[in-house]
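Asks:
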Amino acid sequence: MDSVSGSSAAFAGTPVNRMQVCRAEYRAIGRFVEQLRPTRQCMKTLQTQFPHLPPSTLLSIFSQEYQKRMKRSMVRHHAPDVLKAYYQRYRSEAQTRPTAPLLLELANQVDLSPALLARLIVECFLEERAASVPSRHVLNNMLREPYSIPDLLLAKHVEQCTVNDCCYGPLVDCIKHAIGLEHEDLLRDKLRERNLSFLDENQLRAKGYDKTPDIILEVPIAVDGHIVHWIESKASFGDEHSHHTYLNEQFWSYCNRSVPKPSQTMAWTSVC
């Protein structure tokens with residue numbers, strides 16, 4: 001399997017422009033974002049520090065680096081005594097400072113995503129009310145629709161977390177999904193412009209494939225000297241860590257099950 005390198009991908013000899021960041025600069029951005037929190041202000045700080053890079057590229061890099069940070073620390077935040085302390089602090093301060101952005105402040109102090117903290121607090125709230133662990137379905141619905149939470153003050157604070165978190169939460173999930181669909185449409189448009197015959201994911205599923213790439217080319221093409229039979233579009237930043245993750249969780253299943261041939265991963269922004 002060959003990921004694209006160089007300054008652009010090419011379909012049928014015509015370049016498709018992509019944003020790429022050199023490894024040294026990517027590492028510099030990674031070091032810089034260690035001190036940042038997932039807020040709109042952090043994006044302004046990033047753009048000031050790296051003004052030559054598009055905001056979308058900086059957001060994608062920051063989001064992936066921040067998610068790595070959260071994965072490293074989530075065990076600590078999920079410890080029962082820590083959860084209890086977070087919830088008790090919130091309930092106490094909700095009585096004394098109800099108009100303050102309590103969950104946002106707490107998330108910033110303990111270096112936890114506001115949306116993830118909101119999820120933990122809502123889970124504690126529901127457990128306290130029902131004396132049982134809430135189902136994921138109920139919890140997800142309340143995070144998507146905060147004012148379905150039977151505590152209007154908590155609902156307001158949860159909404160603040162959802163709106164202000166640029167890396168996690170239902171709002172971010174919707175934005176990422178929309179961006180992914182937009183880039184898949186762009187990929188199909190580029191292929192049609194070059195008169196390349198292909199089947200997309202929906203057509204493949206209609207034929208009975210359960211695990212499919214975004215595109216299977218009916219006639220293979222050459223990219224940087226390699227023959228490509230199928231293409232997967234990724235709108236998130238294509239670093240080595242994410243590529244290995246996609247290999248293990250997604251790409252190998254394509255090779256082993258439906259299309260065991262060379263492919264191209266179309267990362268629209270990546271490390272060169």
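Be aware that the sequence shown starts at 1, since it is given in UniProt numbering, and climbs by one per residue.
Even for Gly, the Cβ is constructed at its ideal location relative to N, Cα and C.
These figures come from a predicted structure and were not determined experimentally.
With the cut-off set at 7 Å, would you say A115 and D185 are in Cβ contact?
Replies: No, they are not a contact pair.
Asks: I'd like to check one pair, S233 with H177: are the Cβ atoms closer than 7 Å?
Replies: No. Outside cutoff.
Asks: Give the DSSP bridge partners of V228, in chain order.
Replies: Beta-bridge pairing links V228 to I221.
Asks: For C22, count the other beta carbons within 10 Å of its own beta carbon; 16 or more makes it buried, fewer makes it exposed. Which is it?
Replies: By the 10 Å Cβ count, C22 comes out exposed.
Asks: Could you give the distance in angstroms between the alpha-carbon of V223 and the alpha-carbon of T245?
Replies: In a straight line, the C-alpha of V223 is about 23 Å away from that of T245.
Asks: Could you tell me the distance, in whole angstroms, from the CA atom of E25 to the CA atom of F50?
Replies: Rounded to the nearest angstrom, the two C-alpha atoms are 9 Å apart.
Asks: Starting from D151, trace the alpha helix (DSSP H) both ways and give me its first and last residue.
Replies: Looking at the DSSP string, D151 is not in any alpha helix (DSSP H), and its letter there is neither H nor E.
Asks: Just the C-alpha distance for A12 and V228, rounded to the nearest angstrom, thanks.
Replies: With a pLDDT of only 44 at A12, under the threshold of 50, the placement of this residue in the model should not be trusted; the figure read from the coordinates follows. Distance between the alpha carbons of A12 and V228: 11 Å.
Asks: Compute the Euclidean distance between the alpha carbons of L126 and Y87, then round it to the nearest angstrom.
Replies: L126 and Y87: Cα-Cα distance of roughly 11 Å.
Asks: Can you tell me which of the three DSSP states V33 falls into?
Replies: Helix at V33.
Asks: What's the gap between the Cα of Q160 and the Cα of L104?
Replies: Cα-Cα distance, rounded: 7 Å.
Asks: Per DSSP, F198 is paired with what?
Replies: Looking at the DSSP assignment, F198 forms a beta bridge with L217.
Asks: Where does the unbroken alpha helix (DSSP H) through C124 begin, and where does it stop?
Replies: C124 -> alpha helix (DSSP H) spans P114 to A130.
Asks: Let me know if R72 comes out buried or exposed under the rule of 16 or more other beta-carbons within 10 Å of its beta-carbon.
Replies: So R72 ends up on the exposed side.
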